[in-house]
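First comes the structure, then the notes that go with it.
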Amino acid sequence: MAEIDRETLLHVANLARLELREEELERLGAQLNDILAAVSKVSELDLSDVPPTSHPLDVVNVWAEDEPHECLTVEEAFANAPEREGNYFRVPPGSSQ
Amino acid sequence: MIDTLRLTAEEALRLVGDKEISAGELWSAYRAAIDEREGELHCFLHVCDEGEGVPLAVKDVIGTKGIPTTAGSRILERYVPVYDATVVARAKERGLGILGKTNTDEFAMGSSTENSAYGPSHNPWDPSRVPGGSGGGSAAAVSAGLAPWALGSDTGGSIKQPSALCGNVGLRPTYGTVSRYGVVAFASSLDQVGPVARNVRDCALLYSIIAGRDPSDSTTVELPSEIALPTGDRLDGVRVGVPKEFNEHEALEPGVRDAVQRAIELCRELGAEVGDCSLPLALEYGVPCYYLIAPAEASSNLARYDGVRYGYRTQRASDRYEMYTRTRDEGFGDEPKRRILVGTYALSAGYYDAYYGQAQKVRTVLGREHAAAFERFDVLVTPTSPSVAFELGAKTTDPIAMYLCDLLTIPSCMAGLPGLNVPCGLSEGLPVGLQLVGPQFSENTLFRVGHALEQALGFDPVPERLRA
């Protein structure tokens, strides 16, 4: 079974856009390895002939007419915005990362 | 004098409908109960000052227009929805009023409410113990007479397990029968909204109000038959299966095992055909399967909390990348972080097939196992929780011990099956929950069996320490 080392943990945290403090790296890293060891049990089963289940009901292609209907007003859409400028969500500038 | 510990929602609706009492009197009674016991129990994250009709408590992952909805997280601390979830809109259409928002583990991730960013709720039977989770606030509020009934949400046991620990009736409905529109998403192939009540008829009534197809949630379907409020007290013709792995598991406390055995015996006395069956892989592989699929889906669903459009935003960002990563570090608690990391890892390149892909295949196997059991039986009977309510703090440092609280509720959730918790007795003075699981869309059967057992068991859902 794969072990999550510090480098992997930082890589995964970056993918998930989570900054982890030094203390969290240690504590969560150890817990993550325990959790992965427990869930890796699924690999014991030979399921090469079994199809995956992504959804418990056999619902396929739900269609709707393409008609306008009631939706949020602009003011409602911005009601919870942390920062707004005109009709835009204001955010800090981008970075090279 | 309205006794909120005893009044059923059905009776409250009748009293208000017949104008024997006013909605105002009813609300005053619940507000008085909240004033008296909320300080000790901490069931609510928000209590509404006034309202109309019969009150309904709503788990704080369910969006309520104009009423704060935090999902138990700092990242949504000041979030006030601008629309109602479909289940809330339906409750209002039927004349119910929102009494308040109940405490939950952060993003419904937990089995005790101790992962709530706003502090845990306490069990009304013994406040030194947890009410279960994640919907511990809803279950505790109903048991303590702070609300006649409540809405919860269940991904791997978050309705059934707290109902078991608090001694009330909770339904996790068949996947797809209740809309999630306006509900904070955790694991979308598993999440279901459902009712929590003091008896089976109230539970069925609330389910009938919220269930059915919703054009705003394309995973919903029409119910194949109407929900009937159960009336009978016999179980003639009902085939009850007893999965031996669940009922003889070593993790079961003896008091839990014995109370469930007595209820199974009672099924026989009420006329049911009772037989043994086996779900050989469900317990060994259910929890590992769940703790891959649920975190994977959570890592995707929680990507939306980026500090841009709503919710918390860090004050310490010089560029956008820092805004994302620090907002999420400061806004999420440990459990969402653990699940985001596990889920992201399980979905990442090189690991997808071994983890998420394999878990989806295990899910197929669990579904087949249940389907085979339902060829011979109408309903399966097991304990809901391996233990009665445990002490606060007992499992907080060991995530895996906490995950095992849902050992018995998870397998049927993976298969999209409905499950009903019915209290079946006491062990060490604390409630024991019986789990009834049926095929998809078998809610009427679960209500029938649950109601008959409820009549025969005569369980008093009012916590002993609160009885007059």
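Chains C and X, in that order, give the protein sequences.
Take the first sequence: its position 51, counted from the start at 1, is 52 in my numbering, and no numbers get skipped.
Take the second sequence: its position 343, counted from the start at 1, is 882 in my numbering, and no numbers get skipped.
Ideal placement from N, C-alpha and C gives every residue a C-beta, glycine not left out.
Element boundaries [alpha helix (DSSP H), containing L26 of chain C] | 23–40
What residues in its chain sit with their C-beta under 8 Å from that of V593 of chain X, if we drop five residues either side in the sequence?
-> A548, A551, L552, V555, A562, L565, G634, L635, G636, P687
Mind checking S49 of chain C: buried by the 16 CB within 10 Å criterion, or exposed?
-> exposed
Closest Cβ-Cβ distance between V75 of chain C and chain X: below 9 Å?
-> no
What are the boundary residues of the beta strand (DSSP E) that includes C816 of chain X?
-> 812–816
Mind listing the chain C neighbours of R865 of chain X? Cutoff is C-beta to C-beta under 8 Å, in chain order.
-> E20
Please list the partners that V61 of chain C has in chain X, where partner means a Cβ-to-Cβ separation under 9 Å.
-> Here the premise fails: no neighbours, minimum Cβ distance about 11 Å.
I think A928 of chain X touches L969 of chain X, with their Cβ atoms under 8 Å apart; what is that distance to the nearest whole Å?
-> 5 Å
Rounded separation between P793 of chain X and A39 of chain C - CA only | 26 Å
For L768 of chain X, which of X:R1004, X:Y746, X:V586 has the nearest alpha-carbon?
-> X:Y746
Do you know offhand how far G671 of chain X's Cα is from P620 of chain X's?
-> 27 Å
Quick one, which of X:A572, X:L729, X:V795 has its alpha-carbon nearest G706 of chain X's?
-> X:V795
Verify whether the separation of the beta carbon atoms of P957 of chain X and R711 of chain X is less than 9 Å.
-> yes
V760 of chain X versus X:L965, X:D574, X:K783, X:T713, residue with shortest Cα-Cα distance | X:T713
Starting from S757 of chain X, find everything on chain C with Cβ-Cβ shorter than 7 Å and list it in chain order.
-> V63
DSSP three-state assignment for H788 of chain X, whether helix, strand or coil = coil
Looking at the unbroken beta strand (DSSP E) that takes in G794 of chain X, where does it start and where does it end?
-> Unbroken run through G794 of chain X is the alpha helix (DSSP H), 793–808; no beta strand (DSSP E).
Which residues DSSP lists as bridging P663 of chain X, in chain order | P663 of chain X pairs with nothing; no bridge assigned.
Please compile the residues from chain X whose C-beta is within a distance smaller than 8 Å of the C-beta of L29 of chain C.
-> D873, K876, R877, L880
Assess, as a yes-or-no matter, whether the region 876–889 of chain X is touched by the region 653–666 of chain X under the definition of 3 or more beta carbon pairs within less than 8 Å.
-> no
Who are the Cβ neighbours of G684 of chain X in its own chain at under 6 Å, not counting the five residues just before and after it?
-> T543, L544, A572
Exposed or buried, E577 of chain X, counting other C-beta atoms within 10 Å across all chains shown (16 or more means buried)?
-> buried
What residues of chain C sit near G906 of chain X, judged by a beta carbon separation below 9 Å?
-> T54, P57
At 3 residues or longer, and completely inside the region 945–970 of chain X: list those beta strand (DSSP E) runs for me, N to C.
-> 958–966
Mind listing the chain X neighbours of L26 of chain C? Cutoff is C-beta to C-beta under 8 Å, in chain order.
-> Under the 8 Å cutoff, chain X gives no residues; its nearest Cβ is about 11 Å from L26 of chain C.
Which partner residues does R778 of chain X have in the DSSP bridge list?
-> X:E812
Closer than 8 Å at the beta carbon, the chain C residues around A856 of chain X = P93
By the 10 Å Cβ neighbour count, where 16 or more other Cβ atoms means buried, how is A940 of chain X classified, buried or exposed?
-> exposed
Helix, strand or coil for I939 of chain X per DSSP?
-> helix
Is E550 of chain X close to chain C, meaning its C-beta is less than 9 Å from at least one C-beta of that chain?
-> no
Helix, strand or coil for V739 of chain X, going by three-state DSSP, please let me know.
-> helix
Helix, strand or coil at H585 of chain X according to DSSP, with G and I counted as helix = strand
If you drop the 5 nearest sequence neighbours on each side, which residues of the same chain put their C-beta closer than 7 Å to that of R85 of chain C?
-> F79, R91
Where the beta strand (DSSP E) through W688 of chain X begins and ends | 688–693
Interface residues of chain X facing L11 of chain C [CB-CB closer than 8 Å] = Here the premise fails: no neighbours, minimum Cβ distance about 11 Å.
Delimiting residues of the alpha helix (DSSP H) encompassing K525 of chain X | Residue 525 of chain X is absent from the model: chain X starts at 540 and stops at 1007.
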